[in-house]
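Undergrad:
2 protein chains.
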Amino acid sequence: MIRIGIFGYGNLGRGVECAVKQNKDMELVAVFTRRDPSTVKILSEGVDVFHADDVLSFKDKIDVMILCGGSATDLPKQTPYLAQYFNVVDSFDTHAKIPEHFENVDTSSRKSGKIGLISVGWDPGMFSLNRALGGSILVDGNDYTFWGKGVSQGHSDAIRRVDGVLDGKQYTVPVDSALEAVRNGKNPTLSTREKHTRECYVVAKDGADKELIEKTIKEMPNYFSDYDTTVNFISQEELNEKHSGIPHGGFVIRSGKTGKDLEHTHIIEYSLKLDSNPEFTASVIVAYARAAYRMNKEGMVGAKTVFDVAPCYISPMSNEEMRKKLL
Amino acid sequence: MIRIGIFGYGNLGRGVECAVKQNKDMELVAVFTRRDPSTVKILSEGVDVFHADDVLSFKDKIDVMILCGGSATDLPKQTPYLAQYFNVVDSFDTHAKIPEHFENVDTSSRKSGKIGLISVGWDPGMFSLNRALGGSILVDGNDYTFWGKGVSQGHSDAIRRVDGVLDGKQYTVPVDSALEAVRNGKNPTLSTREKHTRECYVVAKDGADKELIEKTIKEMPNYFSDYDTTVNFISQEELNEKHSGIPHGGFVIRSGKTGKDLEHTHIIEYSLKLDSNPEFTASVIVAYARAAYRMNKEGMVGAKTVFDVAPCYISPMSNEEMRKKLL
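As you go down the protein sequences, you meet chains A and B in turn.
559 is the number of the first residue of the first sequence in this note's numbering; add one for each residue after it.
559 is the number of the first residue of the second sequence in this note's numbering; add one for each residue after it.
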């Protein structure tokens, strides 16, 4: 059994807890939180919640620590710290800071002789993997990544900070005609506006100026001004009823050419349609936790990403079984 | 530069030749054929064609030998033989015999201290990889593989063997409604007939009994009797004009559930739309030839499949560049 610890218990932590339960070669040993542990109720019976400060006493009781904190402030500190003591997996997703994060985790993991697997999930993660595979196979070509339809937590937060807004949710939606052009091998050059639209569902406070709210949202720099944005005002009840999920998904498409005169076009498309973004991310992380455990057992150490992990390490099957059933 | 040899020069060999040219870190050293080399014209200038019997004299001049023979009789002998002397990559695709082929290649490769990478292409190959990834991430779920729309060489050959048939081509076509049901997470149980239809384009000889040809094709066991098959009689000119390409493609879909009570459904879909089946297969093989070279340089030996290859080995980018640009 691979002994798993969860560090941080929000949506992602709960997702990891569920995913561990789905994998017969894993067991959840403990959950760690910065809150008062007595206030944190988890789903698993017989598993205790501990304060984050107690984590080092589990040094020999946990094979892989899964970090479920945020990328803005938690993971840049937590992952390098815990990598000094544990095999770790995180879902660090601040793309621009990945090289720096990698270096920090690498230093810690090499000291401890452990594996530090970073930026695991679907983007970064499975989408990155597909960009790598597609570009390696179809050397002459273009990459396209579309996100959605799905809830963007960051954009939903931005809406909720607007004056007069009580609650809100934002969906990122890929533009169908752009997707079709890519799928048909047209290799279009697409602006930000041409790739995605943004759909907002907003609950306004009583007496708030809805026109002003709509204008403020649509003109918000970075978040909305570069997109065609629609703002729909709805009641809190409707928001709760129809928009409480956290669905997401997207598409990674590689369009490339081969042949004597590059006369043949090929399209590789990878897509995800997810009912629950955190639960799917958690499922990817848990599969890669198996890889971290196995790779470390074979003597590998240091920071790794999905690019460094051979697929056999994440599968619950043996290599023989994989060749027989999946190849 | 990675020095490549091509062993066998048909559609796949030509595809490999084109793909090597697209990769700046590779050079084609020689092509080997069992025919009289003087009768084989290749596309590359300055590269010579040699008889297969002369291959061992290239032992120290070629880093990776790419085998482009057939799975029925060529590869079961050629791959284990050449693995005694070279890093090799093949596209062995007789699924049921893969475990045996793997063992044979493994024995040879371990003796020579080389890598023997087998069953590389898209199925087996990229489709296998996606079945492995999907099943590892969504543990509770179902796999679906659909092929097409594309030309099946085996079925086209079967048509051409029918009495009264001059020429013919067969397309395997996935059934749209089945694809949609899978995409919508319905986890249908699908019979052979429900997954694919078969479209035949047939040129009949003058005076041939078309009704009998159609009946013979539709009732042919293994090839057509389990499918809804349509037979279209056309002229040789139309066949040449509209059906001379070798397109193919397909879909690997994983549908799975997560959550406390498995209440959330997720769909992972990988699809290919290929203008040229052999050229795409060749492009995959060439990317994995890079992996064979690099992995052997790091001291790895023995038979491998796509499951054993970390994605970083197939990419022309450095690990740093991959993390920066693709993660």
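Beta carbons: idealized from backbone N, C-alpha and C, even for Gly.
Please read all numbers here as calculations on a predicted model, not as lab measurements.
Kindly indicate which three-state DSSP category K707(A) falls into: helix, strand or coil?
TA: Counting from 1 along the first sequence, the entry for residue 707(A) is found at position 149. Three-state result, K707(A): coil.
Undergrad: Spell out whether any CB of chain A is found under 8 Å from the CB atom of M623(B).
TA: Taking the second sequence and counting its residues from 1, one reaches residue 623(B) at position 65. Closer than 8 Å: no.
Undergrad: Could you work out which residue in L687(A), L748(A) and S615(A) is closest to F644(A) when comparing CA atoms only?
TA: Counting from one through the first sequence, the residue named residue 644(A) turns up at place 86. Considering only alpha carbons, the answer is S615(A).
Undergrad: For N877(A) and T863(B), I'd like the C-alpha separation in whole angstroms.
TA: In the first sequence, residue 877(A) corresponds to position 319, counting from 1. In the second sequence, residue 863(B) corresponds to position 305, counting from 1. Spanning the two alpha carbons is a distance of roughly 10 Å.
Undergrad: V842(A) by DSSP, collapsed to three states: which one?
TA: One-based indexing of the first sequence puts residue 842(A) at position 284. Three-state result, V842(A): helix.
Undergrad: Starting from the N-terminal side, write out each stretch of the beta strand (DSSP E) that is 3 residues or longer and does not extend beyond the stretch 659-683 of chain A.
TA: For the stretch 659-683 of chain A, the full-length beta strand (DSSP E) segments reaching 3 residues or more read 673-675 along the chain.
Undergrad: Per DSSP, what are the beta-bridge partners of N700(A) in this structure?
TA: Position 142 of the first sequence holds residue 700(A). Residue pairing by DSSP places N700(A) opposite S813(A) in a beta bridge.
Undergrad: Once the 5 residues before and after R561(B) are set aside, which same chain residues still bring their CB inside 7 Å of it?
TA: In the second sequence, counting from the first residue as 1, residue 561(B) sits at position 3. So the qualifying residues of the chain are E585, V587, K619, I620 and D621.
Undergrad: Determine the direct distance from the alpha carbon of G808(B) to that of G627(B), and round the result to whole angstroms.
TA: In the second sequence, the residue the question calls residue 627(B) occupies position 69. In the second sequence, the residue the question calls residue 808(B) occupies position 250. Going by the C-alpha atoms only, they are around 23 Å apart.
Undergrad: Using 8 Å as the Cβ pair cut-off and three pairs as the minimum, do the stretch 661-675 of chain A and the stretch 818-833 of chain A touch?
TA: no
Undergrad: Apply the 10 Å Cβ neighbour rule to G857(B) and answer buried if 16 or more other Cβ atoms are within range, or exposed otherwise.
TA: Counted from its first residue, the second sequence places residue 857(B) at position 299. Taking all protein chains in view, the Cβ of G857(B) is surrounded by fewer than 16 other Cβ atoms within 10 Å, so the residue is classified as exposed.
Undergrad: Just mark N662(A) as buried or exposed, buried being the case when its beta carbon has 16 or more other beta carbons within 10 Å.
TA: By one-based count along the first sequence, residue 662(A) stands at place 104. Label assigned to N662(A): buried.
Undergrad: By Cβ distance, which residues of its chain are closer than 8 Å to V731(A), with the 5 residues on each side in sequence left out?
TA: Taking the first sequence and counting its residues from 1, one reaches residue 731(A) at position 173. In the same chain as V731(A), and ignoring 5 residues on each side of it, the C-beta atoms closer than 8 Å to its own belong to G706, K707, H754, T755, R756 and E757, in chain order.
Undergrad: Closest by CA to T637(A), which one among A577(A), L770(A), T703(A) and I673(A)?
TA: For the purposes of this step, residue 637(A) is identified with residue 79 of the first sequence, where counting begins at 1. Of the listed residues, the one whose Cα sits closest to T637(A) is I673(A).
Undergrad: Taking one C-beta from the stretch 791-798 of chain B and one from the stretch 734-747 of chain B each time, how about it: are there three or more such pairs within less than 8 Å?
TA: no
Undergrad: Nearest chain B C-beta to A847(A) closer than 8 Å, yes or no?
TA: Your numbering for residue 847(A) matches position 289 in the first sequence. Answer no: the Cβ-Cβ gap between A847(A) and chain B never drops below 8 Å.
Undergrad: In terms of residue numbering, what span does the beta strand (DSSP E) encompassing Y828(A) cover?
TA: Against the first sequence, residue 828(A) aligns to sequence position 270. Where Y828(A) is concerned, the enclosing beta strand (DSSP E) stretches over H822 to L832.
Undergrad: Three-state secondary structure (DSSP) at D715(B)?
TA: The residue labelled residue 715(B) in the question sits at position 157 within the second sequence. Correct three-state label for D715(B): helix.
Undergrad: Quick one: what's I562(B) bridged to in DSSP?
TA: Counting from 1 along the second sequence, the entry for residue 562(B) is found at position 4. Paired residue(s): L586(B) and V622(B).
Undergrad: Whole angstroms are fine: how far does the CA of D698(A) sit from the CA of D701(B)?
TA: As a working note, residue 701(B) is residue 143 in the second sequence. As a working note, residue 698(A) is residue 140 in the first sequence. One Cα belongs to D701(B), the other to D698(A), and the distance between them is close to 31 Å.
Undergrad: Do T823(B) and F838(A) have their beta-carbon atoms positioned less than 8 Å apart in this structure?
TA: Position 280 of the first sequence holds residue 838(A). Position 265 of the second sequence holds residue 823(B). It is not a contact, given that the beta carbons lie outside the stated cut-off.
Undergrad: Taking a cut of 7 Å between CB atoms, which residues from the stretch 818-833 of chain A lie near chain B?
TA: K818, H822, T823, H824, I825, I826, E827, Y828, S829, L830, K831, L832 and D833
Undergrad: Can you determine whether any heavy atom of the ligand NAP sits closer than 7 Å to the C-beta of E837(A), and answer yes or no?
TA: The ligand NAP is not among the ligands present in this structure, which contains no ligands whatsoever.
Undergrad: Can you list, in chain order, the residues of its chain whose CB lies under 7 Å from that of V859(B), leaving out five sequence neighbours each side?
TA: The residue you call residue 859(B) lines up with position 301 of the second sequence. Only S667, R668, G671, K672 and I673 meet the Cβ criterion.
Undergrad: Give me the residue from I695(B), G692(B), E658(B) and G693(B) with the minimum Cα distance to S677(B).
TA: Counting from one through the second sequence, the residue named residue 677(B) turns up at place 119. S677(B) has its Cα closest to that of E658(B), out of I695(B), G692(B), E658(B) and G693(B).
Undergrad: Out of V844(B), V720(B), N854(B) and D866(B), which one is the CA nearest neighbour of S873(B)?
TA: One-based indexing of the second sequence puts residue 873(B) at position 315. Measuring from the Cα of S873(B), the nearest candidate turns out to be V844(B).
Undergrad: Near K763(A), what residues of its chain come up, given a Cβ to Cβ distance below 6 Å and the 5 sequence neighbours on each side ignored?
TA: Here residue 763(A) refers to the residue found at position 205 when the first sequence is read from its first residue. Counting only Cβ-Cβ distances below 6 Å, and skipping sequence neighbours, we find G722 and L724.
Undergrad: Relative to the C-alpha of A766(B), which residue among V720(B), I804(B), T597(B) and L884(B) is closest?
TA: Taking the first residue of the second sequence as position 1, residue 766(B) is located at position 208. Comparing alpha-carbon positions, the option among V720(B), I804(B), T597(B) and L884(B) lying closest to A766(B) turns out to be V720(B).
Undergrad: Could you check where the beta strand (DSSP E) with R756(A) kicks off and where it finishes?
TA: The sequence position of residue 756(A) within the first sequence is 198, counting from 1. Run containing R756(A): H754 to A762, per the beta strand (DSSP E) assignment.
Undergrad: What do you get for R689(A), buried or exposed, if any count of 16 or more other CB atoms within 10 angstroms of its CB means buried?
TA: Position 131 of the first sequence holds residue 689(A). It counts as buried.
Undergrad: For C870(A), return the contacting residues in chain B, with the cut-off set at a CB-CB distance below 7 Å.
TA: Taking the first residue of the first sequence as position 1, residue 870(A) is located at position 312. The answer, in chain order, is F865 and D866.
Undergrad: Taking the straight line between their C-alpha atoms, what separation do you get for T703(B) and D681(B)?
TA: Within the second sequence, numbered from 1, the residue matching residue 703(B) stands at position 145. Within the second sequence, numbered from 1, the residue matching residue 681(B) stands at position 123. One alpha carbon belongs to T703(B), the other to D681(B), and they sit about 10 Å apart.
Undergrad: Excluding sequence positions up to five away, which residues of its chain have a Cβ less than 7 Å from the Cβ of S841(B)?
TA: As a working note, residue 841(B) is residue 283 in the second sequence. Closer than 7 Å at the Cβ level, and outside the excluded window around S841(B), lie A577.
Undergrad: Under the three-state reduction of DSSP, which class applies to L884(B): helix, strand or coil?
TA: In the second sequence, the residue the question calls residue 884(B) occupies position 326. It is coil, neither helix nor strand.
Undergrad: Any idea if L601(A) is buried or exposed, counting beta-carbon neighbours within 10 angstroms, 16 or more meaning buried?
TA: Within the first sequence, numbered from 1, the residue matching residue 601(A) stands at position 43. Exposed, since its Cβ has fewer than 16 Cβ neighbours within 10 Å.
Undergrad: Can you find a C-beta in chain B that's less than 8 Å from the C-beta of I620(A)?
TA: As a working note, residue 620(A) is residue 62 in the first sequence. Chain B, which has no Cβ nearer than 8 Å to the Cβ of I620(A), makes this no.
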